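Residue numbers (our numbering): 1 to 276.
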């Protein structure tokens, strides 16, 4: 089983279920996905449409999330506000009879159906949809971040609102300076969602700099994009990240197919449970 670690009062699996493929996001301008051999990476200009069509059926999302929860104890996922993810979580909770935690990243983008691109209204939506950890998306964070003063405009009020709604606040970012901003101004953000991979993909700093900041900070980090959206083979990318993040940090891994979920969770589980 994937080990659990605390985030404040919650006990969460160190591996989280990523969801970009579930909502048709590929990050490759015609994404990368694997076919046949689990180590093979295949570039296709149609994969965004492939994922959007495949996971239009919520049962396909449930299949992966339910497998991870039942067989490996991965009872948490990370995503933006999405109706399909909410529906899948509800189904997994019903079938397992146990808690399933949602780390959600509200933003100023269009996300769930009929939800306006307003950070405050999306935070309200999160509270109404049983979100456990509310970490405003980098669409908010990175625009609000002043790298000179290390202030994040409006965040103290946002964090207080999240707390008032009984969720744990955090920040999602692609700027490594966000960690310093939280530390400098003592912002209420015990967890940071940060891309980290050996290519520096989707980050504003080189991997060595990000690694150093992750190791130095007392904040917990959710490491997203460990395989750089398919640019790095699974074992190579997952092992590289797990060798560098702290034992109290999380690793988010997304899956475009149940077979990939089986392969990747086996790699992560073996590493996380290996003797030091």
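For every residue, glycine included, the Cβ atom is placed at its ideal position computed from N, Cα and C. Quantities reported herein were computed from a predicted structural model and do not represent experimental measurements.
Proximity of residue i and residue j at Cβ, strictly below 9 Å
| i | j | result |
| --- | --- | --- |
| residue 152 | residue 182 | yes |
| residue 63 | residue 258 | yes |
| residue 169 | residue 139 | no |
| residue 282 | residue 254 | One cannot answer for residue 282 here, as it falls past the ends of the chain, which runs 1 to 276. |
| residue 318 | residue 127 | No answer is possible for residue 318: the residues shown for the chain start at 1 and end at 276. |
| residue 176 | residue 103 | no |
| residue 136 | residue 106 | yes |
| residue 14 | residue 260 | no |
For residue i: DSSP bridge partner residues
| i | result |
| --- | --- |
| residue 170 | 191 |
| residue 15 | 251 |
| residue 79 | 104 |
| residue 134 | 104 and 169 |
| residue 226 | Answer is none; residue 226 lacks a bridge partner. |
Identity of the residue in the options nearest residue i by Cα
| i | options | result |
| --- | --- | --- |
| residue 225 | 238, 216 and 215 | 238 |
| residue 199 | 193, 192 and 211 | 211 |
| residue 71 | 91, 262, 25 and 205 | 262 |
| residue 99 | 105, 107, 90 and 106 | 90 |
| residue 9 | 191, 234 and 271 | 191 |
| residue 273 | 260, 247 and 256 | 247 |
| residue 171 | 3, 79, 264 and 51 | 79 |
| residue 2 | 178, 275 and 266 | 266 |
| residue 16 | 23, 179, 69 and 178 | 69 |
| residue 65 | 84, 216 and 213 | 84 |
Mind the definition here: the region 212-225 touches the region 160-168 only if three or more C-beta pairs lie below 8 Å; say whether that holds.
-> Short answer: they don't touch.
So, do the region 240-248 and the region 120-127 have three or more beta carbon pairs nearer to each other than 8 Å?
-> Contact fails: fewer than three Cβ-Cβ distances are below 8 Å.
For the region 142-152 against the region 50-62, are there 3 or more C-beta pairs whose distance is under 8 Å?
-> As far as the Cβ criterion goes, the region 142-152 does not touch the region 50-62, which means the pair count is below three.
Residue ranges of each alpha helix (DSSP H) within the region 140-168, 4 or longer = 155-164, all fully within the region 140-168.
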